[in-house]
Amino acid sequence: MTKELAQQLLQMKDVYLTSEGRKMLEAIVNGTASVTSAK
Numbered sequence: 001m002t003k004e005l006a007q008q009l010l011q012m013k014d015v016y017l018t019s020e021g022r023k024m025l026e027a028i029v030n031g032t033a034s035v036t037s038a039k
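Counting from 1, position 9 in the sequence shown corresponds to residue 9 in the UniProt record's numbering; the numbering is continuous, with no gaps.
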């Protein structure tokens, strides 16, 4: 999942996210998730 896609999911009001799911998406957006390459 790309940062752009994660940001879009976080911004969608009609998408229900659990707190865990939201943390995972925020981690992707912030570049701290293990799935993203280190910068």
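Quick reminder that beta carbons are idealized off the backbone N, C-alpha and C, glycines included. Bear in mind the structure is a predicted one, so any value in this text is a computation, not a measurement.
Using C-beta distances below 8 Å, list every residue in its chain close to residue i, excluding the 5 sequence neighbours before and after it, in chain order.
i, result
"K39", "Any reading at K39 needs caution, since the residue's pLDDT is 49, under 50, leaving its predicted position unreliable; the model's value is listed next. The residues are G31."
"L17", "L9, L10 and L25"
"M12", "none"
"G21", "none"
Go through its chain and collect everything with a Cβ distance to residue i's Cβ below 7 Å, but skip five positions before and after it.
i, result
"D14", "none"
Where do the N-terminal and C-terminal ends of the alpha helix (DSSP H) with residue i fall, by residue?
i, result
"M24", "S19 to N30"
Within its chain, find whatever has a CB closer than 6 Å to the CB of residue i; leave out the 5 residues flanking it on each side and keep chain order.
i, result
"V29", "K3, A6 and Q7"
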